[in-house]
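*Asks:* Questions regarding the structure given below will be posed in turn.
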Amino acid sequence: MMTRSSSSVLSLLLLGSVSTDAFSVHAHKVQNECRRMISSSSSSIGASASSTQQLGTACSDREGGGSGGEAPLKFAIIGHNIAYSVSPAMHNAAYESLNMPHSYRLIDEESVDDIVSSAFWSDDDFRGISVTIPHKQSIMPHLDELSDAAETIGAVNTVIVDKSVDGDIGEGGRTLRGDNTDWIGIYNPLKSRLGVDGSGGDDVKGGAALILGAGGTARAAAYAAAQLGLERMYYNRTPSKAQELADAFGGIVVTDLSGPSSGDSSDGKTLGDVCNELDTTVRVVLSTLPAAAGFELPEWLAANKSTIVFDVNYKPYWTPLLRQAEAAGLDVVRGSEMLWEQGARQFEIWLQQDAPYEVMKKVVLENCLPKDDD
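Residue numbers (the working numbering): 3 to 376.
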């Protein structure tokens with residue numbers, strides 16, 4: 003016999019009373035409830051075959067498997083020269099693992115204007131995009147709202163299409179929100195390694211982050227370092243660019259990565275000098291430099307076994323910096339971990355449910371681990 007709650011849910015499903023947007027956001031939860039109800043109905047004493055079949059049909063329709071089923075939601079990554087991106091494989095695997103009908107594609111366009119004028123952008127089923135180079139800043143004028151993180155970092159890597167339940171879908175009833183999950187991709191791996199409990203911004207005592215580079219990802223790194231309570235030090239081949247980071251997020255620019263000097267250097271203070279003055283050590287090296295830069299740490303810094311080296315590149319798997327760090331016995335974090343962390347957060351923002359973390363991680367590693375002949 004079907005329970006009263008099961009009967010109510012069945013009635014809603016059959017009558018189509020569950021709104022499109024409400025179902026879209028909670029699709030997986032509805033699917034699980036349908037399966038639970040079918041199982042319960044099938045095993046209940048006195049349950050009729052017709053009631054179980056009716057329930058199964060209604061659930062199938064609501065999962066997009068029958069006539070009148072809901073249209074799948076559409077997501078994408080936008081950028082230029084991004085054929086290498088692992089994001090489509092990662093997100094599509096996540097949807098498939100949860101029996102979701104959604105899709106995630108790659109859109110490679112040199113100009114943001116070509117994207118926002120496309121049929122995809124105005125599609126009723128469009129619900130979000132990941133944004134990568136070179137569009138993280140140029141997408142911002144096309145959005146209605148920015149999160150605090152996106153506004154502070156000055157870059158958007160996640161767009162959320164919010165369609166109000168009462169709005170007329172297809173007639174402007176949507177809000178485009180910009181967010182940034184890049185910093186989450188940096189924050190989460192470091193949080194666990196540093197033992198930060200996340201209760202405040204001063205969890206790490208006496209530690210500093212050395213941030214290499216001064217682009218958009220460096221800004222996300224500076225933001226994450228601030229949230230972790232780390233002092234910020236910036237190094238870039240163009241010091242004025244590094245100073246822009248210091249002005250925005252606080253911290254000190256260093257132009258020489260050498261150890262402590264004798265104090266009579268005419269070239270200014272070294273990284274070692276700054277660490278001594280602040281009575282701190284470099285706990286984290288955050289490199290946002292391209293792998294082709296071939297950057298390696300000075301020997302005195304690589305000798306500190308408590309240093310964590312985070313290279314945001316996820317391809318190639320080995321960079322000169324990571325090879326050096328691992329050979330020195332340092333803890334390393336690769337860009338592949340940043341990728342699945344920020345991607346999982348995007349999934350949760352878009353669909354308002356827990357991401358299948360292990361599925362997404364597995365796909366990223368399968369695509370990023372070097373092959374035997376590499």
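Heads up, the beta-carbon is just placed ideally off N, CA and C, and yes, glycines get one too.
So is Ile162 buried or exposed if we call it buried at 16+ other beta carbons inside 10 Å?
*Replies:* The residue you call residue 162 lines up with position 160 of the sequence shown. Ile162 is buried by the Cβ-count criterion.
*Asks:* Say whether the region 214–229 touches the region 281–288, bearing in mind that this needs 3 or more beta-carbon pairs closer than 8 Å, one atom from each stretch.
*Replies:* Three or more Cβ pairs drawn from the region 214–229 and the region 281–288 lie within less than 8 Å of each other, which places the two stretches in contact.
*Asks:* Could you compute how far the alpha carbon of Pro241 sits from the alpha carbon of Lys165?
*Replies:* Counting from 1 along the sequence shown, the entry for residue 241 is found at position 239. Counting from 1 along the sequence shown, the entry for residue 165 is found at position 163. Answer to the nearest angstrom: the Cα atoms are 44 Å apart.
*Asks:* Classify Asp181: buried if its beta carbon has 16 or more other beta carbons within 10 angstroms, exposed otherwise.
*Replies:* Translated into positions along the sequence shown, residue 181 becomes position 179. The C-beta of Asp181 has 16 or more other C-beta atoms within 10 Å across all chains shown, which makes the residue buried.
*Asks:* Note the first and the last residue of the continuous beta strand (DSSP E) segment covering Met92.
*Replies:* Reading the sequence shown from its first residue, position 90 is the one you call residue 92. It is not in any beta strand (DSSP E) - Met92 instead sits in the alpha helix (DSSP H) that spans 89–99.
*Asks:* Please classify Ala294: is it buried, with 16 or more other beta-carbons within 10 angstroms of its beta-carbon, or exposed?
*Replies:* Translated into positions along the sequence shown, residue 294 becomes position 292. Answer is exposed; the Cβ neighbour count stays below 16.
*Asks:* Mind checking whether Thr134 and Ile351 have CB atoms under 8 Å apart?
*Replies:* What you label residue 134 is simply residue 132 of the sequence shown in a count that begins at 1. What you label residue 351 is simply residue 349 of the sequence shown in a count that begins at 1. For Thr134 and Ile351, no; Cβs fall outside 8 Å.
*Asks:* First and last residue of the beta strand (DSSP E) that includes Phe128?
*Replies:* In the sequence shown, the residue the question calls residue 128 occupies position 126. Residues 128–133.
*Asks:* Short of 7 Å in beta carbon distance, which residues of its chain neighbour Val334, apart from the five on each side in sequence? Order them along the chain.
*Replies:* As a position in the sequence shown, residue 334 is number 332, starting the count at 1. Same-chain partners within the cutoff: Val311, Leu324, Ala327, Glu328.
*Asks:* Please classify Gly1 as buried or exposed, where buried requires at least 16 neighbouring CB atoms within 10 angstroms.
*Replies:* Since the first residue of the chain shown is 3 and the last is 376, residue 1 is not available in this structure.
*Asks:* Per DSSP, what are the beta-bridge partners of Glu147 in this structure?
*Replies:* Here residue 147 corresponds to residue number 145 of the sequence shown, with the count starting at 1. Answer is Arg179, bridged to Glu147.
*Asks:* Which value, in whole angstroms, describes the spacing of the CA atoms of Gln245 and Tyr236?
*Replies:* For the purposes of this step, residue 245 is taken as residue 243 along the sequence shown, with counting starting at 1. For the purposes of this step, residue 236 is taken as residue 234 along the sequence shown, with counting starting at 1. Answer to the nearest angstrom: the Cα atoms are 8 Å apart.
*Asks:* Phe297 to Ile131, Cα distance in whole Å?
*Replies:* Counting from one through the sequence shown, the residue named residue 297 turns up at place 295. Counting from one through the sequence shown, the residue named residue 131 turns up at place 129. Going from the Cα of Phe297 to the Cα of Ile131 covers about 32 Å.
*Asks:* For my contact list, Ala210 and Leu232 are in at a C-beta cut-off of 8 Å; report their separation, rounded to the angstrom.
*Replies:* Position 208 of the sequence shown, counted from the start, is the residue given in the question as residue 210. Position 230 of the sequence shown, counted from the start, is the residue given in the question as residue 232. Confirmed, about 6 Å.
*Asks:* With 16 as the cutoff for other CB atoms within 10 Å, does Ser89 come out buried or exposed?
*Replies:* Along the sequence shown, read from residue 1 onward, the residue named residue 89 stands at position 87. When all chains shown are included, Ser89 counts as buried.
*Asks:* At which residues does the alpha helix (DSSP H) containing Ile213 begin and terminate?
*Replies:* Position 211 of the sequence shown, counted from the first residue, corresponds to residue 213. Per DSSP, Ile213 belongs to no alpha helix (DSSP H); it is in the beta strand (DSSP E), 209–214.
*Asks:* Could you round the C-beta distance between Ala121 and Ala357 to whole angstroms and report it? I think they count as a contact, below 8 Å.
*Replies:* Stepping through the sequence shown from its first residue, residue 121 is reached at position 119. Stepping through the sequence shown from its first residue, residue 357 is reached at position 355. At roughly 28 Å, the Cβ-Cβ gap does not stay under 8 Å, so Ala121 and Ala357 are not in contact.
*Asks:* Please check the pair Leu230 and Leu178, which I expect to be a contact at CB under 8 Å, by giving their CB distance rounded to whole angstroms.
*Replies:* Within the sequence shown, the letter at position 228 stands for residue 230. Within the sequence shown, the letter at position 176 stands for residue 178. Actually they do not touch by this definition, with Cβ atoms about 30 Å apart.
*Asks:* By DSSP's criteria, Ser289 is part of a beta bridge. Which residues make up the other side?
*Replies:* Within the sequence shown, residue 289 is the residue found at index 287, counting from 1. DSSP, once it has assigned bridges, lists Leu214, Asp313 as partnering Ser289.
*Asks:* Applying the 10 Å Cβ sphere with the 16-neighbour rule, what's the burial state of Gln139?
*Replies:* Taking the sequence shown and counting its residues from 1, one reaches residue 139 at position 137. Exposed, because fewer than 16 other Cβ atoms sit within 10 Å of the Cβ of Gln139.
*Asks:* With distance defined between alpha-carbon atoms, name the residue in Val284, Gly261, Leu273 nearest to Ala380.
*Replies:* Since the displayed the chain opens at 3 and closes at 376, residue 380 lies outside it and no answer follows.
*Asks:* Just the Cα atoms here: how many angstroms apart are Phe128 and Ala223?
*Replies:* Along the sequence shown, read from residue 1 onward, the residue named residue 128 stands at position 126. Along the sequence shown, read from residue 1 onward, the residue named residue 223 stands at position 221. Between Phe128 and Ala223, the C-alpha separation is close to 30 Å.
*Asks:* Taking Ser260 as the reference, give the member of Ser87, Leu148, Thr272 with the closest Cα.
*Replies:* Along the sequence shown, read from residue 1 onward, the residue named residue 260 stands at position 258. Selected option, being the one with the closest Cα: Thr272.
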